[in-house]
Amino acid sequence: KEETENDNGGQRQRLSPSPRFRVTASDGSSGDYDYLILAAGVYTPLLARQVGAGGACPTYPLRGYSLTVVRSDPKSEEELRQLETKGGKESITNLLNRPISIDNIYCSSVSPNSARLAGFGELCGYPEPARTVESVGPRVLARYGRTIFPDGNAREENALQCFRPMSPDDLPIAGEVLSVSSGEGTGTGTGEGSGLFLHTGHGTMGWTLSLATAECVAQAVCDRVVSDDRTTCTSSDDSKVVQAKKEDEDAA
247 KEETENDNGG
257 QRQRLSPSPR
267 FRVTASDGSS
277 GDYDYLILAA
287 GVYTPLLARQ
297 VGAGGACPTY
307 PLRGYSLTVV
317 RSDPKSEEEL
327 RQLETKGGKE
337 SITNLLNRPI
347 SIDNIYCSSV
357 SPNSARLAGF
367 GELCGYPEPA
377 RTVESVGPRV
387 LARYGRTIFP
397 DGNAREENAL
407 QCFRPMSPDD
417 LPIAGEVLSV
427 SSGEGTGTGT
437 GEGSGLFLHT
447 GHGTMGWTLS
457 LATAECVAQA
467 VCDRVVSDDR
477 TTCTSSDDSK
487 VVQAKKEDED
497 AA
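Going by our numbering, the first residue of the sequence shown is number 247, and it counts up by one from there.
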């Protein structure tokens with residue numbers, strides 16, 4: 247680290263060390279960063295490999311489907327409220343009153359008139375090559391949908407496809423990678439802590455766990471920035487980013 251003089255006030259400053267990561271976007275623009283979060287779903291391990299952290303991200307795409315079943319003769323929300331206000335002369339029931347799981351297929355309520363089935367998984371590679379791989383998922387979900395909800399409109403053409411990043415133990419991978427290997431990609435070995443954070447591997451529990459794990463990653467980034475004990479400011483010619491050692495707050 248090289249110390250320089252600030253022409254404006256004689257304040258001694260430190261030049262920032264070389265950034266750890268250079269990110270190039272699809273439009274060709276690029277930027278240098280000290281901290282990087284990879285949260286690209288099933289493509290996260292491909293990006294991690296480019297910065298020497300492929301071994302820290304052992305996830306694989308799991309193709310799955312969801313199917314929303316709607317009551318064939320749905321009642322509007324207003325009709326349901328009116329029936330409830332009149333004292334329930336007509337039986338008022340949701341299509342699904344509580345979540346259920348049957349043969350590892352999970353069913354949850356979306357509205358009084360609809361429910362969603364999900365949980366089917368296939369190992370067939372990444373989305374692009376998987377387009378040519380036929381699936382029994384929509385047919386299986388539609389069959390279960392018609393059995394569980396005989397008054398619903400379960401049709402296999404309504405099934406939606408998705409690819410989930412699965413970890414080997416089905417647990418999220420969230421936090422800082424301790425080190426990266428410069429030999430594997432464009433990253434550099436940085437000793438204890440690398441400045442690279444992962445947020446992936448949620449599998450079939452993405453909606454359930456992602457908000458909590460995102461908060462954990464955000465806190466880890468903040469802790470790392472604080473532990474690096476540095477602040478940034480701009481030099482007098484506004485062309486460089488320099489690093490100034492913080493004043494000892496206890497002494498102040």
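For every residue, glycine included, the Cβ atom is placed at its ideal position computed from N, Cα and C.
In its own chain, which residues sit with a C-beta less than 7 Å from the C-beta of residue i, not counting the 5 before and 5 after it?
| i | result |
| --- | --- |
| T540 | An answer regarding residue 540 cannot be provided, because it is not within the stretch 247 to 498 covered by the chain. |
DSSP beta-bridge partners for residue i?
| i | result |
| --- | --- |
| V269 | G277 |
| M412 | Y306 and H448 |
| I348 | I351 |
| T290 | In the DSSP output, where bridge partners are listed per residue, T290 has none listed. |
| I501 | A query on residue 501 cannot be resolved here, the shown segment of the chain reaching from 247 to 498 and no further. |
| T314 | R362 |
| L406 | S312 |
Pick from the options: whose alpha carbon is nearest that of residue i?
| i | options | result |
| --- | --- | --- |
| G441 | E403, S275, D280 and D469 | D280 |
| I351 | R344, S360, A364 and A405 | A364 |
| L313 | I394, G452 and S425 | I394 |
| L406 | L424, L369, R362 and Y390 | R362 |
| R470 | F267, N343, L455 and L424 | L424 |
| S282 | S473, V463 and M451 | Checking the sequence shown, residue 282 turns out to be Leu, not Ser. The candidate whose alpha carbon is nearest that of L282 is V463. |
| D319 | N359, L292 and S347 | N359 |
Within the same chain, show all residues whose beta-carbon is closer than 8 Å to that of residue i, passing over the 5 residues directly before and after it, in chain order.
| i | result |
| --- | --- |
| G371 | P307 and V379 |
| S459 | Sequence check: residue 459 is Thr here, not Ser. Within the same chain, T459 has close Cβ partners P418, A420, H445 and H448. |
| D349 | Y390 |
| T270 | S276 |
| N343 | S355 |
| G429 | Low per-residue confidence applies at G429: pLDDT is 47, beneath 50, and the placement is therefore not dependable, though the value from the model is reported in the following sentence. Cβ neighbours of G429 beyond the five flanking positions: G298. |
Can you find the residues in the same chain that come closer than 6 Å, C-beta to C-beta, to residue i, ignoring five residues on each side of it along the sequence?
| i | result |
| --- | --- |
| G367 | L308 and G310 |
| E402 | P384, R385 and A388 |
| V315 | A361, G391, F395, G398 and A400 |
| S413 | T305, I419 and G447 |
| D219 | The displayed coordinates of the chain run from 247 to 498. Any statement about residue 219 would go beyond what the structure contains. |
Please state if the CB of residue j and the CB of residue i are separated by a distance shorter than 7 Å.
| i | j | result |
| --- | --- | --- |
| E422 | G398 | no |
| L341 | R377 | no |
| V297 | V467 | no |
| S354 | P345 | yes |
| P265 | D278 | yes |
| G300 | A294 | yes |
| S275 | R268 | no |
| P375 | F409 | no |
Kindly indicate which three-state DSSP category residue i falls into: helix, strand or coil?
| i | result |
| --- | --- |
| T378 | coil |
| L369 | coil |
| L545 | A query on residue 545 cannot be resolved here, the shown segment of the chain reaching from 247 to 498 and no further. |
| S246 | No information on residue 246 is available, as it lies outside the stretch 247 to 498 that the chain covers here. |
| R401 | coil |
| G300 | helix |
| L282 | strand |
| S473 | helix |
| S456 | helix |
| V426 | coil |
| K335 | Bear in mind that a pLDDT of 47 at K335, under 50, signals an unreliable position, so the model cannot answer this. |
| T432 | The predicted position of T432 is uncertain, since its pLDDT is 43 and thus under 50; a value taken from the coordinates is nonetheless stated next. Looking at T432 - three-state DSSP - the assignment turns out to be coil, as it is neither helix nor strand. |
| G256 | With a pLDDT of 44 at G256, under the threshold of 50, the modelled position of this residue cannot be trusted, and the question is left open. |
So is the beta-carbon of residue i under 6 Å away from any non-hydrogen atom of the ligand COA?
| i | result |
| --- | --- |
| L424 | What this structure holds is no ligand at all, so the ligand COA is not there to describe. |
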